[in-house]
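Each residue of the sequence shown is one higher than the one before, counting from -15 in the working numbering. Glycine residues also receive a C-beta, built at the ideal position from the N, C-alpha and C atoms. None of these values were measured; they are calculated from a predicted model. Contents: one structure, followed by commentary.
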Amino acid sequence: MIVWTYKIVEHSSMRPIARVEPKAASFTRILNAVSTGGATFNVRDGHDWLRLTAVWAMIFVAEWDGVPQYAGYVIDSRYSKTKGEITIKTECVRTVFARRLPFAVIGTGSVPEYPDGTLKVDRKTWPAAVREILRRQAQGGDPERWNLPLVLPADATGGVSRTFWNYEFWTIEQMLSELQNAEGGPDLDFDPRWSTAGTLEWVVRVGSPRLSRGRVDWHVDASRSAVTDFDAAWNGQKSFSGVHTIGKGSEKKMPVGKAGAPIMPGGTVFLDGAHPYKEISNLAQLNAQARSDAAAFGQITQQWSFKVEGSGDRGLPAIGDISLGLAAALTFSSDPIFGPSTHLRYVISYSCDMTNIASVEVQDIGPN
């Protein structure tokens, strides 16, 4: 029987230093965002818990069948003497990028200090642009404290160019988000794994624009279905039929891009809006950003959520088969809303605890 296993990895070496057995543990993997997790331990289990739960020094790893499904830095640790427990909150490696710039306060090696550090992306593909942004985060600095074990995409020539000026103090997270949200911009995932040397690393997966992680099939209403608690939601709170993008400048000198959203359903009320992009001064780029926003917000969001039994019995998909960017084919034999039908959806999030049940969220595989 496949079970969850849990390990603590130290950041300085990226090697496991303890196998632990939490009283409770869970995580949520999220596409294009920071994945989160948490765990609670019995302090009488005999470990050096002050060391194993040291904030920003330790990483909690959850494995299914020996394969990492989640790895997150300890960002909060709380001890309850009354309960005899210590509880941690964790976040994946992407959380570090909100606290990193393309230069360091104290530079080391090839990592510069301000006022150096303007980062230029010159004629790259989307994956290569992500590589260029992350390259200084993975190499060239202090090997124990700065360098992150990222498996970067390959370098390649393409049509993506950006300049992130040092005086604007862009964080790495802001740069990644700018690429994600651009017209045709890619989905991103940081996928943990063990290296051949037995150390923890994250594979940087970049979509084109969507990730392609294979396909699984679930029959929602079969007699012995693995699917339970199915819900469908239609939400238009962020929807627009047209978008203005407001650039750098003021009054009459302020450039403004715009784009309509032709994919809004017919008969819906007009819903126009404006999004600020004060770091952009180029009108063509503002218009491209408007088209991207119109594609992202110019439709009613349809999101499905459900739970799946993921033991892998009866030839059904196991928890280890679920990943962000996975294509999920959901079949209904008979349903009062969807009738007999099959729908192909895109996995944007999944959550697991210490059981063999996973909670999955999917959306349409639509335009970026």
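Residue 235 carries a helical assignment under DSSP once its states are collapsed to helix, strand and coil.
Taking 4 residues as the minimum length, the alpha helix (DSSP H) runs contained wholly in the stretch 250 to 334 are 267 to 281, in order along the chain. Contact between residue 11 and residue 20 is confirmed by a C-beta separation of about 7 angstroms, below the 8 angstroms threshold. If you check the CB distance, residue 77 and residue 118 do not come in under 8 angstroms.
In the three-state reduction of the DSSP assignment, residue 248 falls in the coil class.
Apart from the 5 residues on each side of it in sequence, residue 187 sits with its Cβ closer than 7 angstroms to the Cβ of 135, 175, 177 in its chain, given in chain order. Pairing residue 342 with residue 287 gives a Cβ-Cβ distance that is not under 8 angstroms. Given a length threshold of 3 residues, each whole run of the beta strand (DSSP E) inside the stretch 20 to 106 is given here in chain order: 20 to 26, 42 to 48, 51 to 64, 69 to 75.
The shortest CA-to-CA distance from residue 328 to any of 310, 280, 151, 154 is the one to 310. When the beta-carbon positions are compared, residue 344 and residue 330 stay at least 8 angstroms from each other. Look at residue 221 here: in three-state DSSP terms it is coil, with no helix or strand label. Ranking 127, 115, 153 by CA distance to the CA of residue 137 puts 115 first. At least 8 angstroms separates the beta-carbon of residue 201 from that of residue 38. Residue pairing by DSSP places residue 189 opposite 173 in a beta bridge.
In the displayed model, residue 123 falls within coil according to three-state DSSP, outside both helix and strand. Taking residue 223 as reference, the option from 194, 254, 84 with the minimal CA-CA separation is 254.
Cβ atoms of residue 192 and residue 233 stay farther apart than 8 angstroms, at about 33 angstroms. Under DSSP, residue 227 takes part in a beta bridge, and its partners are 243, 257.
Just measuring C-alpha positions, the residue of 101, 69, 64, 49 sitting nearest residue 26 is 69. The Cβ-Cβ distance between residue 318 and residue 205 falls below 8 angstroms.
Residue 228 is positioned such that its CB atom lies no closer than 8 angstroms to that of residue 237. Excluding residues up to 5 positions away in sequence, 105 lie with their Cβ nearer than 6 angstroms to the Cβ of residue 146 in the same chain.
The criterion of a C-beta distance shorter than 8 angstroms is satisfied by residue 41 and residue -6. Beta-bridge annotation (DSSP): residue -1 is paired with -6.
According to DSSP, residue pairing for residue 178 in a beta bridge involves 184. Scanning 22, 13, 160 for the CA closest to the CA of residue 85 turns up 160. From the listed residues 121, 122, 99, 108, the smallest Cα separation to residue 153 is found for 99. In the three-state reduction of the DSSP assignment, residue 17 falls in the coil class, being assigned neither a helical nor a strand state.
Here residue 108 is buried, its C-beta having at least 16 other C-beta atoms within 10 Å. Residue 203 and residue 209 have their C-alpha atoms spaced approximately 6 angstroms apart. 8 angstroms or more divides the Cβ of residue 267 from the Cβ of residue 13. Under the three-state reduction of DSSP output, residue 344 falls in the strand class. Within the same chain, 13, 306, 342, 344 come within 6 angstroms of residue 334 by CB-CB distance, once the 5 residues on both sides are set aside. A direct Cα-to-Cα measurement between residue 124 and residue 92 gives close to 7 angstroms.
Judged by beta-carbon spacing, residue 150 lies beyond the 8 angstroms limit of residue 81, meaning their Cβ atoms are not closer than that value. DSSP links residue 148 through a beta bridge to 103.
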